[in-house]
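The block underneath contains the structure these notes are about, expressed in structure tokens.
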Amino acid sequence: MNIRKLLGLPDLLDVRSVVCVQPHPDDNEVGAAGTLLALAERGCKIIFVTITDGGAGVPNLTMSREEIVEIRREERLNAGRLLGVSEQLEMGFPDAGQYTEEKIVQRLIPILREHRPELVMTVDPWMPYEAHPDHIKTGHAVAQAMLFSGNNATQRGVGEPYTVPQIAFYASSHPNTYIDVTPYWERKLSAILAHKSQFENAEWPLLSNFFAYQAQQLYQAGYTEVRIDEARYAEAFKLLSVRQLHFFPTALYS
């Protein structure tokens, strides 16, 4: 049973507005840049929300944390321009710091109520073996904010309650939606490389080959009926309705 279809929700590429919440300044590009390019091409309004300042992302002891934060901010803005992002918001929590999920939820609910997106996108916090606390906290907080954004009892007087219809988790171990991003692959890599502090190094050839291999495997998983010789690339998501985020044991298999 496809709950999303029963609820009349649009397919991922048919949404007209999306809020993409990332733990660090480069996560949206790595997880979903091809899909975001396809959405932008279709006229979708894309808003980035970045939870942390990225200050722990450069192991360079000659630079101050403030310098690293500013570098990563500029890289994020440059990457967003390549993807057609309409607006960028930042929470500025310390990268790998001691902030809480509750703090993210409190600040995210007003954003969802103001922008009223048809879809929220974020990293999947339930990916097995995910050890980074920023990823875990961000994914959990986004799911919680979706539940409470439409509740009149939460954050009274902070915007008109609004329920986001559905969520797309990238970097998911249990995807149910595959997007062919072959036409956007090179532009996805360019958006990733806009984060020079993270990827412009000796490891990039190996890492870019891994990205390509992974995307080819996802294409084969999502488009099993297609048999072609040239390389094809896909991004994968766990796409769920807001109803599947609470007391819905079969969501894993949806």
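Okay, so the sequence shown: first residue is 1 according to the working numbering, each after it adds one. In this text, a Cβ means the ideal position worked out from N, Cα and C, and glycines have one as well. Computed from a prediction, not measured in an experiment: that's the story for all the values here.
- Excluding the 5 residues flanking it on each side, D14 has no same chain C-beta neighbour closer than 6 Å.
- Just measuring C-alpha positions, the residue of W126, L36, E70 sitting nearest L252 is W126.
- Counting the other CB atoms within 10 Å of its CB gives F169 a total of 16 or more, which places it among the buried residues.
- Between D229 and the set Q220, A236, F237, E235, the nearest pair of CA atoms involves Q220.
- Beta-bridge analysis with DSSP links Y170 to V123.
- In the three-state reduction of the DSSP assignment, T100 falls in the coil class.
- Take V85, set aside five residues on each side of it, and the residues of its chain with a beta-carbon closer than 6 Å to its own are I46, F48, in chain order.
- With fewer than three CB-CB distances shorter than 8 Å, the region 61-78 does not count as touching the region 5-21.
- V18 is bridged by DSSP to I46, L119.
- The Cβ neighbour count for Y213, taken over all protein chains shown within 10 Å, is under 16; the residue is labelled exposed.
- The region 186-203 makes contact with the region 19-38: 3 or more CB pairs, one atom from each, lie closer than 8 Å.
- Take the alpha-carbon of L147 and the one of V181: they are about 30 Å apart.
- The region 64-97 contains, as complete alpha helix (DSSP H) runs of 4+ residues, the segments 65-83 (chain order).
- Taking D11 as reference, the option from H246, L239, E102, I71 with the minimal CA-CA separation is L239.
- Checking the DSSP bridge columns, you'll see E235 partnered with I179.
- Within a 10 Å sphere around the beta-carbon of N152 sit fewer than 16 other beta-carbons, which makes this residue exposed.
- By the Cβ criterion, the region 161-177 is in contact with the region 115-123, since at least three pairs of Cβ atoms, one from each stretch, lie closer than 8 Å.
- Residue pairing from DSSP leaves T163 without any beta-bridge partner.
- Per DSSP, the beta bridge partners of T52 are F93.
- Assigned with DSSP and collapsed to three states, S149 falls in helix.
- Distance check between V142 and each of G55, L36, R107 places R107 closest, using alpha-carbon atoms only.
- Under the three-state reduction of DSSP output, S254 falls in the coil class, being neither helix nor strand.
- Rounded to whole angstroms, L207 and I192 show a C-alpha spacing of 11 Å.
- Apart from sequence neighbours up to five positions away, the residues of its chain that approach G43 with a beta-carbon distance below 8 Å are R16, ordered along the chain.
- The beta carbon of E160 lies closer than 7 Å to those of R113 in the same chain, with the five residues before and after it left out.
- Looking at H246, H174, Q244, S254, the one whose alpha-carbon comes closest to that of E235 is H174.
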